[in-house]
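Asker:
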Amino acid sequence: MSTVELTLDQLHEAQWEVKLNHARFNTICAGRRFGKNILAKDVAIEELLNGYPVGWFEPTYKTLSEVWRDIKNTLAPVTRQKLEQEHRIETITGGVFDMWSLDNPDTARGRRYKRVIINEAAIVSNLGDIWNMVIRPMLADFKGDAWIFS
C-alpha cells in the first residue's frame with residue numbers, strides 16, 4: 049500500500065494544550081486570532097482518518113462554504129468520494145465527513161458521528177435546543193465527543 053501525506057497547519061502551543069487536555073465535551077472560547085478553525089480541522093481530521101464519521105456544524109450556509117473549500121482541499125489526497133452539493137467526503141480510511149448549516153438543524157437529524165465540531169457557536173440561535181434535540185443524540189452510537197468553538 050502506498051503512503052499518502054496530508055498537509056495540516058502546525059498547531060501552536062496553546063492549541064496543543066487544548067487538544068491534549070480535552071474531555072468528551074469541549075467548549076473552546078478564544079480570541080479572533082487564536083486559530084480555532086485550525087484546531088477544529090485538526091481534531092476533525094484525526095477521527096476521520098481513524099475511519100469514523102465526523103459532523104461539522106456551522107451557523108449559516110455562508111460560513112460553511114469557506115470552511116468546506118479548505119477542508120476538501122486538505123482531504124483531497126485521502127478522498128475516495130466527494131459529494132459537493134451534500135458537503136460530504138468519504139475517505140480511503142472509511143471515514144465520512146459531513147458539513148451542516150445550522151440554518152435548519154433538522155436536516156441533520158438521524159445521523160451518527162464519532163466526533164462533532166460546532167463552529168462559531170456564540171452566533172447560533174437556540175444552540176441549547178439544537179444540542180439537546182439534534183446534535184447530542186448523534187453521539188450515542190459511538191459514544192462520541194464534541195468540540196464547540198466560539
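What the sequence shown shows, in this note's numbering, is residues 49 to 198, in sequence order. Don't be surprised by glycine CBs; every beta carbon is placed ideally from N, CA and C. Please read all numbers here as calculations on a predicted model, not as lab measurements.
#1: So residue 131 is in the beta strand (DSSP E); what residue range does that whole segment cover?
#2: Does the distance from the CB of residue 161 to the CB of residue 187 come in under 8 Å?
#3: Classify residue 53: buried if its beta carbon has 16 or more other beta carbons within 10 angstroms, exposed otherwise.
#4: Indicate the three-state DSSP secondary structure (helix, strand or coil) for residue 108 in the structure shown.
#5: Between which two residues does the alpha helix (DSSP H) carrying residue 92 extend?
#6: Determine the DSSP secondary structure at residue 198, reduced to helix, strand or coil.
#7: How should residue 163 be labelled, buried or exposed, when 16 other C-beta atoms within 10 angstroms of its C-beta is the threshold for buried?
#8: Please list the segments of the alpha helix (DSSP H) lying wholly inside the segment 133 to 195, counting only runs of 4 or more residues, in order along the chain.
#9: Flag this pair as touching only if the segment 80 to 99 and the segment 120 to 139 have three or more C-beta atom pairs under 8 Å; answer yes or no.
#10: Check whether the Cβ atoms of residue 136 and residue 146 sit closer than 8 Å, and answer yes or no.
Answerer: Well, looking at it:
#1: DSSP places residue 131 inside the beta strand (DSSP E), whose first and last residues are 127 to 131.
#2: Yes, the pair counts as a contact, with Cβ atoms nearer than the cut-off.
#3: Flag for residue 53 reads exposed.
#4: When DSSP states are grouped into helix, strand and coil, residue 108 belongs to the coil group.
#5: First-last of the alpha helix (DSSP H) with residue 92: 84 to 97.
#6: In this structure, DSSP gives residue 198 a state outside helix and strand, which the three-state scheme calls coil.
#7: Per the 10 Å Cβ criterion, buried.
#8: Qualifying alpha helix (DSSP H) stretches, in chain order: 175 to 178.
#9: Flag = yes, the segment 80 to 99 and the segment 120 to 139 touch.
#10: In this structure, residue 146 lies closer than 8 Å to residue 136 by Cβ.
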